[in-house]
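Read the structure below first, then the notes.
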Amino acid sequence: MSDGKTVKVGIIGAGKIAHVHANFYKNVPFVEVVGVADIVPGKAAEAAKAWGVPAENAFEDYRDLLEKVQMDAVSICTFNQAHRAPTVDALEAGKHILLEKPMAATFEDAQAIMRAWKAAGDRILMVGFQPDFSSEHMAAFDIVRSGTLGDVYYGEAVTCRRWGIPGGTFMKKWSAGAGTLVDTGVYAIHTMLTLMGNPKPVAVSAMTTNVLGKAYKGVGYGWGGAWKAEDLEVEEFASAFVRFENGAVMVLKTSWAVNADSMGVPFVLGTKGGLSLEPLTVYVNQGLGDLNLTSTVKNLEHQSFDTQWIGKMTAFAEAVRDGKPSPIDTEAVFLVNVVMDGVLRSAESGFEARVKASY
Ligand SMILES: NC(=O)c1ccc[n+]([C@@H]2O[C@H](COP(=O)([O-])OP(=O)(O)OC[C@H]3O[C@@H](n4cnc5c(N)ncnc54)[C@H](O)[C@@H]3O)[C@@H](O)[C@H]2O)c1
């Protein structure tokens, strides 16, 4: 850090989420966005203009940004299949990293990123799951850490869009790697693994499909832009049964498109209690005979999109400024990629896939 107080940040990838990063960094008074890179000619220059970054600090090649601009940290906002190279290079250049979810599109890329992070010593590698900064998730994580649930032996990781295929780079294997699993499912898996104490996955049995999107007639619209059925190369629905080393099990359900309004809420079961989200509810009866006690938490305030994002950007910047570890456990986030690797391999083969959390 140049003056010990200002955290200087560059942004790699100047697509949609990069603008969200730049916007929310403005809420952190000690952060300055000082450079940007995007492979599409003109895109970084346009973003630099919009963000008030000097024109000479906008590049097409992110390696120029890493070499020429003095920065403490970078936000990696490239599409999933382009997470690995800038993350590894930025870690090698000594930068702290705020990496957009998922850690990587493929298990091999996630392993390479983890090796680079280990080799980089005390550098922060934070994968940006902003729901971790919602008051509901923070309270749920606190309740689990307090031991209220006892030993957790089962969890359901759920995220459901009845109709929300995003289009654009999200639908293509070359850019996204996979579909709802790595886009929205990744949040559900990360949240549930955290609630379960981050057990090591050992086996996954899964199915995936894109039958509704493939039958869609006309033009759909989503976060990434317009799309047609023939554009869809990845799954719109995934379900899995995940076994962990400690004997616990997780069921996963995630969709961009499904003929249902809901596939249920995320929940965990423990030896002393259970907990469900949306809304946060705790179920206990241990020590009280057959008295079933149910508590719904009522005083949760900071749930909005904005407060989650401000929480994410602030937590990252403070960790960089104060020399602290990543606010989101990097080793735990790698386990999400271990699960996703099992889901994709099992769905492809039609059989259970063994997985190993090593890199
Ligand atoms: N946290 C969230 O809420 C959230 C929401 C949407 C997307 N995302 C994540 O953000 C990432 C980007 O999503 P998006 O919607 O902005 O996609 P996008 O396609 O709009 O933007 C990606 C950008 O990366 C650029 N790019 C690709 N390879 C590059 C490289 N090697 N060097 C420099 N630039 C490169 C592309 O040209 C493009 O401009 C994805 O990983 C996605 O999962 C997170």
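If you read the sequence shown in the numbering used here, its first letter stands for residue 13, the second for the next number, and so on. Cβ coordinates follow ideal geometry from the N, Cα and C atoms, glycine included.
Just to confirm, does V355 get its C-beta within under 6 Å of one of the non-hydrogen atoms of ligand 1? Position 343 of the sequence shown, counted from the first residue, corresponds to residue 355. No, Cβ of V355 sits at least 6 Å from all heavy atoms of ligand 1.
Could you tell me the distance, in whole angstroms, from the CA atom of L337 to the CA atom of L244? As a position in the sequence shown, residue 337 is number 325, starting the count at 1. As a position in the sequence shown, residue 244 is number 232, starting the count at 1. A quick correction: the sequence has Pro, not Leu, at residue 337. So the two alpha carbons sit approximately 39 Å from each other.
Under the rule that 16 or more other beta-carbon atoms within 10 Å means buried, what is F346, buried or exposed? Here residue 346 refers to the residue found at position 334 of the sequence shown. Buried, since its Cβ has 16 or more Cβ neighbours within 10 Å.
When you compare the CB positions of P143 and V351, do they come within less than 7 Å of one another, or not? The residue labelled residue 143 in the question sits at position 131 within the sequence shown. The residue labelled residue 351 in the question sits at position 339 within the sequence shown. No; because the gap between Cβ atoms is not below 7 Å, this pair is not in contact.
Taking only the alpha-carbon atoms, compute the straight-line gap between H95 and R127 and give it to the nearest angstrom. For the purposes of this step, residue 95 is identified with residue 83 of the sequence shown, where counting begins at 1. For the purposes of this step, residue 127 is identified with residue 115 of the sequence shown, where counting begins at 1. Approximately 14 Å between the Cα atoms of the pair.
Secondary structure of H95, DSSP reduced to three states: Translated into the one-based positions of the sequence shown, residue 95 becomes position 83. Assigned with DSSP and collapsed to three states, H95 falls in coil, not helix or strand.
Spell out a yes or no on whether the segment 40-47 and the segment 79-90 are touching, meaning 3 or more CB-CB pairs, one atom from each, closer than 8 Å. Contact holds: three or more Cβ-Cβ distances are below 8 Å.
Under the three-state reduction of DSSP, which class applies to L264: helix, strand or coil? Within the sequence shown, numbered from 1, the residue matching residue 264 stands at position 252. The answer is strand: DSSP assigns L264 an E or B state.
With a threshold of 16 other CB atoms inside 10 Å of the CB of Y37, please say whether the residue is buried or exposed. Reading the sequence shown from its first residue, position 25 is the one you call residue 37. Buried, by the Cβ-count rule.
Would you check whether ligand 1 has a heavy atom nearer than 6 Å to the C-beta of E112? Numbered from its first residue, the sequence shown carries residue 112 at position 100. Between ligand 1 and the CB of E112, the shortest heavy atom gap is smaller than 6 Å.
Is any heavy atom of ligand 1 found at a distance shorter than 6 Å from the C-beta of A116? The residue given as residue 116 occupies position 104 in the sequence shown. Short note on A116: C-beta not closer than 6 Å to any heavy atom of ligand 1.
Flag G27 as yes when its Cβ comes closer than 6 Å to any non-hydrogen atom of ligand 1, and as no otherwise. For the purposes of this step, residue 27 is taken as residue 15 along the sequence shown, with counting starting at 1. Placement of the Cβ of G27 at a distance of less than 6 Å from at least one heavy atom of ligand 1 is found.
Mind checking whether the beta-carbon of A57 lies closer than 6 Å to any heavy atom of ligand 1? Taking the sequence shown and counting its residues from 1, the one referred to as residue 57 is at position 45. Shortest gap from the CB of A57 to any heavy atom of ligand 1: 6 Å or more.
Put K80 into one of helix, strand or coil per three-state DSSP. Counted from its first residue, the sequence shown places residue 80 at position 68. Of the three classes helix, strand and coil, the one that applies to K80 here is helix, per DSSP.
Pair every Cβ in the segment 167-175 with every Cβ in the segment 255-273, then say whether three or more of these pairs are closer than 8 Å. The segment 167-175 makes contact with the segment 255-273, as at least three CB pairs between them are under 8 Å.
Could you give the distance in angstroms between the alpha-carbon of A180 and the alpha-carbon of G162? On the sequence shown, residue 180 is found 168 positions in, with the first residue counted as 1. On the sequence shown, residue 162 is found 150 positions in, with the first residue counted as 1. Checking the sequence, you will find Gly at residue 180 rather than Ala. One C-alpha to the other measures close to 44 Å.
Pull the bridge partners of I155 from the DSSP assignment, please. In the sequence shown, the residue the question calls residue 155 occupies position 143. Looking at the DSSP assignment, I155 forms no beta bridge with any residue, so it has no partner.
Coarse secondary structure for V48, derived from DSSP in three states: The count along the sequence shown starts at 1 and reaches residue 48 at position 36. In this structure, V48 counts as strand in the three-state DSSP scheme.
Leaving out five residues on either side along the sequence, give the residues of the same chain with a beta carbon under 6 Å from the beta carbon of A365. The residue given as residue 365 occupies position 353 in the sequence shown. Leaving aside the five residues that flank A365 on each side, the residues in its chain whose CB is nearer than 6 Å to its CB run, in chain order, V216, G354, R357 and S358.
Inter-residue spacing [alpha-carbon to alpha-carbon] between L292 and K368: Residue mapping note: residue 292 aligns to position 280 of the sequence shown, counting from 1. Residue mapping note: residue 368 aligns to position 356 of the sequence shown, counting from 1. As the crow flies, the alpha-carbon of L292 is around 32 Å from that of K368.
Please give me, in chain order, every unbroken run of the beta strand (DSSP E) with length at least 3 that falls completely inside the segment 178-221. Annotation note: the segment 178-221 contains the following uninterrupted beta strand (DSSP E) runs of length 3 or greater, listed N- to C-terminal: 213-221.
Is it right to say S14 is buried, meaning 16 or more other beta carbons lie within 10 angstroms of its own, or is it exposed? To locate residue 14, count along the sequence shown from 1; it is residue 2. No answer about S14 holds up, because its pLDDT of 48 lies below 50 and its placement is not dependable.
Exposure label - A327; buried when at least 16 CB within 10 Å: The count along the sequence shown starts at 1 and reaches residue 327 at position 315. With a threshold of 16 other beta carbon atoms within 10 Å, A327 meets it and is buried.
Would you kindly work out how many angstroms separate the C-alpha atoms of V280 and M262, rounded to a whole number? Translated into positions along the sequence shown, residue 280 becomes position 268. Translated into positions along the sequence shown, residue 262 becomes position 250. Their Cα atoms are separated by approximately 9 Å.
Please find out if some non-hydrogen atom of ligand 1 comes closer than 6 Å to the beta-carbon of D50. Your numbering for residue 50 matches position 38 in the sequence shown. Yes, ligand 1 has a heavy atom inside 6 Å of this Cβ.
How many Å lie between F145 and P339 at the Cα? Position 133 of the sequence shown, counted from the start, is the residue given in the question as residue 145. Position 327 of the sequence shown, counted from the start, is the residue given in the question as residue 339. Put simply, the backbone Cα of F145 is about 10 Å away from that of P339.
For a quick check, are the C-beta atoms of I24 and H33 less than 7 Å apart? On the sequence shown, position 12 is the one that residue 24 refers to. On the sequence shown, position 21 is the one that residue 33 refers to. No, the Cβ-Cβ distance between I24 and H33 is not below 7 Å.
Express the C-alpha separation of A132 and H108 in angstroms, rounding to a whole number. For the purposes of this step, residue 108 is identified with residue 96 of the sequence shown, where counting begins at 1. For the purposes of this step, residue 132 is identified with residue 120 of the sequence shown, where counting begins at 1. In this structure, the straight-line span from the alpha carbon of H108 to that of A132 is close to 9 Å.
One question on the structure: do A241 and Y228 come within less than 7 Å of each other, judged by their Cβ atoms? Residue mapping note: residue 241 aligns to position 229 of the sequence shown, counting from 1. Residue mapping note: residue 228 aligns to position 216 of the sequence shown, counting from 1. Cβ atoms of A241 and Y228: closer than 7 Å.
Reduced DSSP secondary structure (H/G/I, E/B, other) of V350: The residue labelled residue 350 in the question sits at position 338 within the sequence shown. In the structure shown, the three-state DSSP call for V350 is helix.
Alpha carbon of A122 to alpha carbon of Y233, nearest angstrom: Mapped onto the sequence shown, residue 122 falls at position 110. Mapped onto the sequence shown, residue 233 falls at position 221. Answer to the nearest angstrom: the Cα atoms are 30 Å apart.
With DSSP run on the structure shown, which of helix, strand or coil describes M138? Residue numbering aside, residue 138 sits at position 126 when the sequence shown is read from its first letter. M138: strand per DSSP, three-state reduction.
Quick check on the DSSP output: the alpha helix (DSSP H) that includes E68 runs from which residue to which? Within the sequence shown, the letter at position 56 stands for residue 68. Looking at the DSSP string, E68 is not in any alpha helix (DSSP H), and its letter there is neither H nor E.
Given a threshold of 16 other Cβ atoms within 10 Å of its Cβ, counted over all protein chains shown, does P53 qualify as buried or as exposed? Counting from one through the sequence shown, the residue named residue 53 turns up at place 41. By the Cβ-count criterion, P53 is exposed, with fewer than 16 other Cβ atoms from all chains shown falling within 10 Å of its own Cβ.
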